[in-house]
Amino acid sequence: MQIFEKKKYIETEYEERHIENLNKANVPFVIKERREITSYVGLAYFIYSIILDCFVLVGIAWALLNLDKLL
């Protein structure tokens, strides 16, 4: 078993003519379903986490620049 072996996949939008062509050519395929909302939610969470990290970094920088006032 080669764990780091690269594999190439073809992904396309579902149309019945694609399935017919794959069956005619005897090409094995798997049909997978995915909701678009999950991609958008993942992107929104990623952006949200970056924004919060920026707030934390700005807060740390502000605290370091104002150390004399805080102590």
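As numbered in my numbering, residues 248 to 318 make up the sequence shown, in order.
Beta carbons: idealized from backbone N, C-alpha and C, even for Gly.
- Straight through space, the alpha carbons of PHE276 and TYR295 are spaced by roughly 36 Å.
- Following the DSSP letters along the chain, one finds THR259 in no alpha helix (DSSP H), marked with neither H nor E.
- Rounded to whole angstroms, the gap between the alpha carbons of GLY306 and TYR287 is 29 Å.
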